[in-house]
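Colleague: In mature numbering (1 follows the signal peptide of the UniProt record, and there is no 0), the protein residues as written are -15 to -1, 1 to 248. Cβ atoms here follow ideal geometry from the backbone N, Cα and C, with glycine treated the same way. Since this is a predicted model, take the numbers as computed values, not measurements.
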């Protein structure tokens, strides 16, 4: 059943409207992980390892490795990746990690993932194709945006059930939504430091479905679907207001639907 679903997903990626053609540019070659390579629950970190922006074996990684990988692969400032990595390293109490260490339940791995099963009920390390299909279906357009991803967050939190997500997990999930939209957007990204009207700035932020689906299904940068690195260097100042806006959208969605999920 899972194999059939995955094949259907690949067919869906091919059938989705393709993004506009872009000027060719270079990314490091994609190489599938080998049996001894370490991978994480985070599809973007796995992608960066598959392209060798992180060491391909995913082992003995330092905070600096994450900063360099996000900078070279995505055009995110090195401090962006280093700051997020430092939080994970502190939670794990480690000075260097293998990517699989990020699959530590309720520490750096959390319930109610958009693309992974909960650790208590399945494989929290690898993509669940059914969750990806549901993520795409939460939008009735050809792209994901803050509104559709708020819908997705409410759905997966209800699927996981009680207890409510911890404050730490809420922060992690908010950041993940923001990172997806920053990394996969097909249009201009507002400069976070200058944003005063969150709705005006971020309601138009869109990640094409074909791009997101191709990326998550194979953990490969979706160049064929029009992806390219951010047009300017992204910083934590770009993520923070988008994360706040995501919180508000999720809260509004929960109130509208009367969901019994507490944030």
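Do residue 62 and residue 219 come within 8 Å of each other at the CB atom, strictly closer than that value?
Modeller: Counting from one through the chain shown, the residue named residue 219 turns up at place 234. Counting from one through the chain shown, the residue named residue 62 turns up at place 77. Yes, Cβ-Cβ distance for residue 219 and residue 62 is below 8 Å.
Colleague: Compare the Cα-Cα distances from residue 130 to each of 29, 188, 203, 224 and report the closest residue.
Modeller: On the chain shown, residue 130 is found 145 positions in, with the first residue counted as 1. Checked all of 29, 188, 203, 224; the closest Cα to residue 130 is 188.
Colleague: Sorted by chain position, which residues of the same chain lie with C-beta nearer than 8 Å to residue 7's C-beta, five sequence neighbours on each side aside?
Modeller: By 1-based counting over the chain shown, the position of residue 7 is 22. A caution first: residue 7 carries a pLDDT of 42, below 50, which makes its placement in the model too unreliable to give a value.
Colleague: I need the DSSP call for residue 283, collapsed to helix, strand or coil.
Modeller: Past the edges of the chain, shown from -15 to 248, lies residue 283, and the structure says nothing about it.
Colleague: What span of residues does the alpha helix (DSSP H) with residue 12 cover, start to end?
Modeller: Looking up residue 12 in the chain shown gives position 27. Unbroken run through residue 12: none, as it is neither H nor E.
Colleague: Given 8 Å as the limit, is there contact between the segment 72 to 79 and the segment 116 to 124, that is, 3 or more CB pairs closer than that?
Modeller: No, because fewer than three Cβ pairs between the segment 72 to 79 and the segment 116 to 124 fall closer than 8 Å, the two stretches do not touch.
Colleague: Return the residue from the list 88, 95, 60 that minimises the CA-CA distance to residue 31.
Modeller: Numbered from 1 along the chain shown, position 46 holds the residue referred to as residue 31. The residue with the shortest Cα to Cα distance from residue 31 is 88.
Colleague: Assign residue 94 to one of three DSSP states: helix, strand, or coil.
Modeller: Stepping through the chain shown from its first residue, residue 94 is reached at position 109. Looking at residue 94 - three-state DSSP - the assignment turns out to be strand.
Colleague: Taking the alpha helix (DSSP H) that residue 208 belongs to, which residues open and close that run?
Modeller: For the purposes of this step, residue 208 is identified with residue 223 of the chain shown, where counting begins at 1. Run containing residue 208: none; DSSP gives neither H nor E here.
Colleague: DSSP three-state label for residue 193, please.
Modeller: Numbered from 1 along the chain shown, position 208 holds the residue referred to as residue 193. DSSP places residue 193 in strand when its eight states are reduced to three.
Colleague: Report the rounded CA-to-CA distance for residue 229 versus residue 14, giving the unit in angstroms.
Modeller: For this step, residue 229 is matched to residue 244 along the chain shown. For this step, residue 14 is matched to residue 29 along the chain shown. Cα to Cα, the separation comes out at about 35 Å.
Colleague: Please classify residue 20: is it buried, with 16 or more other beta-carbons within 10 angstroms of its beta-carbon, or exposed?
Modeller: Residue mapping note: residue 20 aligns to position 35 of the chain shown, counting from 1. It is exposed - the Cβ of residue 20 has fewer than 16 other Cβ atoms within 10 Å.
Colleague: Where are the alpha helix (DSSP H) runs, 4 residues long or more, that stay fully inside the segment 42 to 70, in chain order?
Modeller: Fully enclosed alpha helix (DSSP H) runs of 4 or longer: 48 to 59.
Colleague: Can you find at least 3 beta carbon pairs, one from the segment 90 to 104 and one from the segment 138 to 146, that sit closer than 8 Å?
Modeller: Result yes; three or more Cβ-Cβ pairs closer than 8 Å.
Colleague: Applying the 10 Å Cβ sphere with the 16-neighbour rule, what's the burial state of residue 172?
Modeller: Locating residue 172 in the chain shown gives position 187, counting from the first residue. So residue 172 ends up on the exposed side.
Colleague: Tell me which residues share the same chain as residue -15 and place their Cβ nearer than 7 Å to its Cβ, disregarding the 5 neighbours each side in the sequence.
Modeller: Residue numbering aside, residue -15 sits at position 1 when the chain shown is read from its first letter. Reliability fails at residue -15, whose pLDDT of 44 lies under 50, so the model's placement of it is uncertain and the value that follows must be treated cautiously. Once the five neighbours on either side are set aside, residue -15 has no close Cβ partner at all.
Colleague: Residue range of the alpha helix (DSSP H) that residue 133 falls in?
Modeller: Counting from one through the chain shown, the residue named residue 133 turns up at place 148. Per DSSP, residue 133 belongs to the alpha helix (DSSP H) from 131 to 145.
Colleague: Bridge partners of residue 219, per DSSP?
Modeller: Within the chain shown, residue 219 is the residue found at index 234, counting from 1. According to DSSP, residue 219 bridges with 61.
Colleague: For residue 187, name the three-state secondary structure that DSSP assigns.
Modeller: Within the chain shown, the letter at position 202 stands for residue 187. Three-state result, residue 187: helix.
Colleague: Might you give, ordered along the chain, the residues of its own chain that have their beta carbon closer than 8 Å to the beta carbon of residue 100, omitting 5 neighbours on each side?
Modeller: By 1-based counting over the chain shown, the position of residue 100 is 115. The answer, listed in chain order, is 28, 112, 113, 116, 117, 120, 201.
Colleague: Identify the continuous alpha helix (DSSP H) that holds residue 158 and give its terminal residues.
Modeller: The residue labelled residue 158 in the question sits at position 173 within the chain shown. Counting along the chain, the alpha helix (DSSP H) containing residue 158 begins and ends at 152 to 169.
Colleague: List the endpoints of the continuous alpha helix (DSSP H) containing residue 31.
Modeller: The residue you call residue 31 lines up with position 46 of the chain shown. Per DSSP, residue 31 belongs to the alpha helix (DSSP H) from 28 to 35.
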